[in-house]
């Protein structure tokens with residue numbers, strides 16, 4: 124089994140950032156790896172942005188939770204992203220979402236699903 128694909132975190136410049144340069148506020152999506160799946164280091168400030176770049180069909184995504192201090196889980200299981208739609212999840216707090224390796228796990232079943240991870244300042 125190959126390791127999950129670790130996504131680069133993108134951080135907005137914030138309220139007082141220097142927006143005077145071209146593309147400084149842009150962010151990028153990365154296509155889902157349907158074999159190895161996805162992960163990101165979880166600090167508790169992460170938003171997961173998802174888009175379905177497929178013009179032909181909806182596709183599900185899953186975000187895997189863990190037991191929190193009360194034994195609860197709250198997976199986002201098979202959440203359907205419609206044709207050409209966008210979705211936003213989080214921010215994900217560490218209790219209930221942080222895996223034993225310190226990461227958030229997520230996945231999709233189709234490469235037309237694309238993820239961007241934003242870490243709030």
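Residue numbers (my numbering): 124 to 244.
Yeah, the Cβ is synthetic: ideal placement off N, Cα and C, and Gly gets one too.
Separation of the CB atoms of residue 160 and residue 228 is rounded to 7 Å, and the pair is thereby assigned contact status at 8 Å. Bridge pairing for residue 242: 169 [DSSP]. The C-beta distance from residue 198 to residue 188 rounds to 5 Å, short enough to fall under 8 Å.
The Cβ atoms of residue 157 and residue 231 sit closer than 8 Å to each other. Per DSSP, the continuous beta strand (DSSP E) segment holding residue 163 begins and ends at 161 to 164.
Residue 137 has its alpha-carbon roughly 20 Å from the corresponding atom of residue 165. Contact check for residue 236 and residue 170: beta-carbon distance about 16 Å, past the 8 Å limit, so the pair fails to qualify.
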